[in-house]
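Okay, so the sequence shown: first residue is 50 according to the working numbering, each after it adds one.
Report on the following structure.
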Amino acid sequence: MTVRVTGLGALSPLGVGMADNWDALLRGTVGITRITAFDPLEFRVHIAGEVVPFDAAEVLPPQDARRLDSYAQFGVVAGIQAVEDSGLDLAAVDPTRFSIVVGTGYGCTAANTEAVRLLDRSGPARFTPAPAVYGAQDIVAAYLSLRWGALGESLCLSAACASGTVAIGQAMRQIEWGLADVVVVIGADGAVTPRDLAVVCGSRALTATHNDDPKSACRPFDRDRDGFVLSAGAGALVLESAEHAARRGASVRASLVGYGAASDAHHLTAPHPEGRGAVTAMRRALASAGLEPGAVDHVNAHGTGTPKNDEVEAHALRTVFGDHVGAVAVTSTKSMTGHMIGAAGTYEAAATVLACAEGRVPPTMSCPDPEFDFLDVVRDEARATPVTYALTNSFGFGGHCATVVVGPPDA
């Protein structure tokens, strides 16, 4: 299973566009701040990773920008960025072999919350279908399919925090199975809303001890970690078959060479204590890539900063890599972005692609006292180091576990 990555797009708490995001990641910039979208005082948590301000109407028709909620805006704009970055001439792409795959954890919660308000206020007789149509989970895939005339498969899937990575896996399979030449894969969520914050606060998974110090709130693999930080954003990649990319002379950033997924079947919000799903996902990804664990130089960890997730992931890495685990440069970019839920997988895959392409691993911030001495966590400053093969992990509520293997452009 080998596909080429030819384009990247991103919106996050660190910036708009993958170039700005990558620069911020390498500088160790933390985008977590006090919430500005609404007054958070009635919540236990007052901080989040909000997407930096941008005007969707600069990219989309103003009427569409008004109708699309934040999740949809982020996903659509990131997808457009990725296609522009790839240099694709869409008129030259066979539309029947052009697909779109989207992953989201929460979807259009803002639009659907507003639709319920309108229904309560106006009653069913005066309720228009537009909020329901534009608030559908599949709106990003449907909108872009219409915009680009993509006649291949367009779909939206959900696997909680692993949604973006599972979407990448499904996109890879479309190319591997000969169903598509080009797939735009997008992960997106606009999760910084009162409804979403209330839900995750209720699960007690968020850190509530850093309201006055948001920059140090997300602390992956640190002894003092006590929860993740909710964030919003989108990440997008253009994937092409090797033949299609070569035929058009595309600039290839990296290759995706393996994918694996599994389920914990353990608990709705807690990982399996032995990392059953995480271990299986990583091993399946390596097997599909035809690689031994010793070939891996870098892991972009799920690394949420919750006590259990980081412990389970650390030990799962040791189980998979054995004696080689200390030679793997591990980082969690969530220490800077927070947890973008369905966007996390695609955004972090894009960061892993650039780590391989440039031989630079972004740092894990806010980890002054690492708990797991067998891990080589890249801390505080980016590290220049050759990266031939890397893993990017996503593990979600409900036991969803997924891993992608990134390799060199000519793999």
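The beta-carbon is built from N, C-alpha and C at its ideal position, and this holds for glycine as well.
Only a predicted model underlies this, so the values are computations on that prediction, with no experimental measurement involved.
| query | result |
| --- | --- |
| Reduced DSSP category for Gly-98 - H, G, I as helix; E, B as strand; rest coil | strand |
| Helix, strand or coil at Gly-58 according to DSSP, with G and I counted as helix | strand |
| C-alpha distance - Ser-148 paired with Gly-394, whole-angstrom precision | 19 Å |
| Ile-188 - DSSP class collapsed to helix/strand/coil | helix |
| Sufficient close CB pairs (3 or more, under 8 Å) joining the stretch 162 to 178 to the stretch 103 to 116 | no |
| Exposure label - Trp-226; buried when at least 16 CB within 10 Å | exposed |
| Beta strand (DSSP E) runs contained entirely in the stretch 249 to 275, provided each spans 3 or more residues | none |
| Cutoff 8 Å; reference Ser-207; Cβ partners in own chain excluding five residues on either side | Gly-152, Thr-153, Gly-154, Gly-156, Gln-186, Gly-391 |
| Sub-8 Å separation of Val-301 and Val-453 beta-carbons | no |
| Helix, strand or coil at Glu-163 according to DSSP, with G and I counted as helix | helix |
| Rounded separation between Tyr-192 and Gly-198 - CA only | 10 Å |
| Touching by the beta-carbon criterion (3+ pairs, under 8 Å), the stretch 270 to 283 and the stretch 304 to 320 | no |
| Within the stretch 99 to 142, ranges of the alpha helix (DSSP H) (whole runs, at least 4 residues) | 111 to 116, 119 to 135 |
| Beta-carbon proximity of Gly-284 to Ala-433, cut-off 8 Å | no |
| Candidates Ala-460, Pro-457, Gly-456, Cys-450: closest to Gly-213 by CA position | Cys-450 |
| Coil, strand or helix - Glu-362 by DSSP | helix |
| Paired residues, beta bridge with Glu-289 - DSSP | Arg-53, Val-231 |
| Whole-angstrom distance between Ala-310 and Arg-428, CA atom to CA atom | 28 Å |
| Which residues DSSP lists as bridging Thr-441, in chain order | Asn-349, Val-453 |
| Complete beta strand (DSSP E) runs within the stretch 293 to 320 (minimum length 3 residues, chain order) | 303 to 312 |
| Option nearest Asp-346 by Cα separation, candidates Ala-460, Asp-425, Ala-73, Asp-271 | Asp-425 |
| Cβ pair Ser-337, Gly-307 closer than 8 Å | yes |
| DSSP-derived helix/strand/coil call for Cys-205 | strand |
| Contacts around Phe-103, its chain only, beta-carbon distance under 8 Å, and the 5 residues preceding and following it disregarded | Leu-60, Val-65, Val-126 |
| Val-52 versus Ala-295 - alpha carbon distance | 11 Å |
| Whole-number beta carbon distance between Val-361 and Thr-380, since they are thought to touch under 8 Å | Not really, about 18 Å apart at Cβ, beyond 8 Å. |
| Start and end residues, beta strand (DSSP E) containing Ile-390 | Note, Ile-390: premise wrong, no beta strand (DSSP E); not H, not E. |
| Neighbourhood of Glu-82 by C-beta distance below 6 Å, restricted to the same chain and skipping five residues each side | Note that residue 82 is Thr in the sequence shown, not Glu. Counting only Cβ-Cβ distances below 6 Å, and skipping sequence neighbours, we find Pro-263. |
| Environment of Thr-85 [buried if 16+ CB atoms lie within 10 Å] | exposed |
| Assigned exposure category for Arg-522 - 16 Cβ within 10 Å defines buried | Outside the displayed range of the chain (50 to 460) lies residue 522, so it cannot be described from this structure. |
| Buried/exposed call for Arg-268, threshold 16 Cβ in 10 Å | buried |
| Cβ pair count under 8 Å reaching 3, the stretch 87 to 103 against the stretch 248 to 262 | yes |
| Backbone CA spacing between Thr-413 and Ser-384 [nearest angstrom] | 6 Å |
| Residue closest to Ala-141, alpha-carbon to alpha-carbon, out of Glu-323, Ile-217, Asp-230, Thr-401 | Asp-230 |
| First through last residue of the alpha helix (DSSP H) which encompasses Thr-329 | 325 to 338 |
| Identity of the residues DSSP links to Cys-210 by a beta bridge | Ala-208 |
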